[in-house]
Amino acid sequence: MPSAIRLSPADHRRVPWRNGGGVTTELAVEHLPDAGSLPGGETRFLWRVSIADISGAGPFSSFSGYDRLIAVVEGDGMRLSVDGAPPVECRRMGPAFAFPGEAAVWCEPTGGPIRDVNLMLDRASAAGALTLLTGAGGGAVRQAQGDVVLVHALAGTLAIGVDGGEAMAVPAGHSLLLRGMAGAVSVEAPAGAEGFCAEVRRR
Numbered sequence: 241m242p243s244a245i246r247l248s249p250a251d252h253r254r255v256p257w258r259n260g261g262g263v264t265t266e267l268a269v270e271h272l273p274d275a276g277s278l279p280g281g282e283t284r285f286l287w288r289v290s291i292a293d294i295s296g297a298g299p300f301s302s303f304s305g306y307d308r309l310i311a312v313v314e315g316d317g318m319r320l321s322v323d324g325a326p327p328v329e330c331r332r333m334g335p336a337f338a339f340p341g342e343a344a345v346w347c348e349p350t351g352g353p354i355r356d357v358n359l360m361l362d363r364a365s366a367a368g369a370l371t372l373l374t375g376a377g378g379g380a381v382r383q384a385q386g387d388v389v390l391v392h393a394l395a396g397t398l399a400i401g402v403d404g405g406e407a408m409a410v411p412a413g414h415s416l417l418l419r420g421m422a423g424a425v426s427v428e429a430p431a432g433a434e435g436f437c438a439e440v441r442r443r
């Protein structure tokens with residue numbers, strides 16, 4: 241059954257990093273029933289979307305069995321070295337970078353503190369995409385598809401359209417969680433707006 245749930249900052253949850261290096265803000269998560277626990281007693285999840293603040297260089301926590309997509313939404317950018325490979329540079333509002341959750345990752349901000357968005361996916365059960373949208377230059381539109389689509393506004397107001405339904409507005413700091421949509425979800429960032437779209441497809 242299709243559903244659309246609005247999420248406000250009051251629905252967010254602050255979660256400590258596994259390695260003790262900081263705190264992440266969990267926007268939305270779907271847990272896997274009867275799938276056991278992660279280290280530290282966490283419940284294993286199918287997917288999770290979160291935003292983290294990084295103030296300095298350091299390692300990422302390990303998430304074995306997960307695929308991760310990450311993108312910078314505030315600050316200059318960061319360099320990520322995965323399993324000792326040459327660093328990859330991620331710039332603000334640039335394309336998401338994908339890597340295995342169990343990889344050894346070293347992060348170094350390139351110009352002061354940053355904020356990033358993470359989409360984590362249980363590799364055995366789901367695949368997905370993370371797309372950043374900016375209204376700079378006249379606007380941007382994403383035709384999103386998936387069993388689950390999470391849209392979050394970073395600045396301004398995003399416009400969301402679904403087949404056979406009325407357009408919905410998502411203001412800055414808020415999210416829209418869509419499930420079971422039959423067709424593509426149109427996500428528009430008009431001039432002055434910024435946001436991102438996480439798409440999850442069950443395997």
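Position one of the sequence shown corresponds to residue 241 (the working numbering), numbered consecutively onward.
In this text, a Cβ means the ideal position worked out from N, Cα and C, and glycines have one as well.
For clarity, every value in this text was computed on a predicted model and none was experimentally measured.
Going by the beta-carbon positions, is the gap between residue 318 and residue 291 smaller than 8 Å? Mapped onto the sequence shown, residue 318 falls at position 78. Mapped onto the sequence shown, residue 291 falls at position 51. No.
Do residue 303 and residue 347 count as a contact pair if the criterion is CB distance below 8 Å? Numbered from 1 along the sequence shown, position 107 holds the residue referred to as residue 347. Numbered from 1 along the sequence shown, position 63 holds the residue referred to as residue 303. Their beta carbons are not under 8 Å apart, which means residue 347 does not touch residue 303 by this criterion.
Taking Cβ positions, are residue 395 and residue 434 nearer each other than 8 Å? If you number the sequence shown from 1, residue 395 lands on position 155. If you number the sequence shown from 1, residue 434 lands on position 194. Cβ atoms of residue 395 and residue 434: closer than 8 Å.
Using a threshold of 8 Å, state whether the C-beta atoms of residue 332 and residue 312 are closer than that. In the sequence shown, counting from the first residue as 1, residue 332 sits at position 92. In the sequence shown, counting from the first residue as 1, residue 312 sits at position 72. Contact: yes.
Cβ pair count under 8 Å reaching 3, the stretch 425-434 against the stretch 390-405: yes
Within 10 angstroms of its Cβ, does residue 248 collect 16 or more other Cβ (buried), or is it exposed? By one-based count along the sequence shown, residue 248 stands at place 8. With fewer than 16 other Cβ atoms within 10 Å, it is exposed.
Would you mind reading off the limits of the beta strand (DSSP E) that contains residue 434? Taking the first residue of the sequence shown as 1, we reach residue 434 at position 194. Where residue 434 is concerned, the enclosing beta strand (DSSP E) stretches over 434-442.
In the DSSP output, what is residue 411 paired with across the bridge? Here residue 411 corresponds to residue number 171 of the sequence shown, with the count starting at 1. BP columns for residue 411 point to 397.
Report the residue ranges of all beta strand (DSSP E) runs contained in full by the stretch 244-322; include only those spanning at least 3 residues, in chain order. 253-256, 263-271, 285-294, 306-314, 317-322
For the beta strand (DSSP E) that residue 368 lies in, which residues bound it at each end? Residue mapping note: residue 368 aligns to position 128 of the sequence shown, counting from 1. Counting along the chain, the unbroken beta strand (DSSP E) around residue 368 starts and ends at 366-374.
For residue 360, write down the residues that DSSP places opposite it in a beta bridge. Counting from 1 along the sequence shown, the entry for residue 360 is found at position 120. Paired residues: 288, 308.
Going by the C-beta, is residue 243 closer than 7 Å to any heavy atom of the ligand ATP? This structure lacks the ligand ATP, and indeed carries no ligand of any kind.
Roughly how many whole angstroms lie between the Cα atoms of residue 442 and residue 308? Position 202 of the sequence shown holds residue 442. Position 68 of the sequence shown holds residue 308. If you take the alpha carbons of residue 442 and residue 308, they lie about 15 Å apart.
Going along the chain, which residues of its own chain have a beta-carbon closer than 8 Å to the beta-carbon of residue 261, five neighbours each way excluded? Residue 261 sits at position 21 when you count from the first residue of the sequence shown. Cβ within range, chain order: 298, 299, 301.
For residue 385, the first and last residue of its enclosing beta strand (DSSP E): Counted from its first residue, the sequence shown places residue 385 at position 145. Note, residue 385: premise wrong, no beta strand (DSSP E); not H, not E.
What is the DSSP secondary structure of residue 342, counted as helix, strand or coil? Taking the first residue of the sequence shown as 1, we reach residue 342 at position 102. Coil, per DSSP.
If you count every other CB in all the chains shown that lies within 10 Å of the CB of residue 421, and 16 or more means buried, which is it? Here residue 421 corresponds to residue number 181 of the sequence shown, with the count starting at 1. Residue 421 is buried by the Cβ-count criterion.
Rounded to the nearest angstrom, how far is the Cβ of residue 415 from that of residue 268, given a contact under 8 Å? Within the sequence shown, residue 415 is the residue found at index 175, counting from 1. Within the sequence shown, residue 268 is the residue found at index 28, counting from 1. With 8 Å as the limit, residue 415 and residue 268 qualify as a contact, their Cβ atoms being about 7 Å apart.
Is residue 381 helix, strand or coil by DSSP? Counting from one through the sequence shown, the residue named residue 381 turns up at place 141. Residue 381: strand per DSSP, three-state reduction.
Run the CB neighbour count on residue 374, radius 10 Å, all protein chains shown included, and call it buried at 16 or more, exposed below. For the purposes of this step, residue 374 is taken as the residue at position 134 of the sequence shown. Residue 374 comes out buried.
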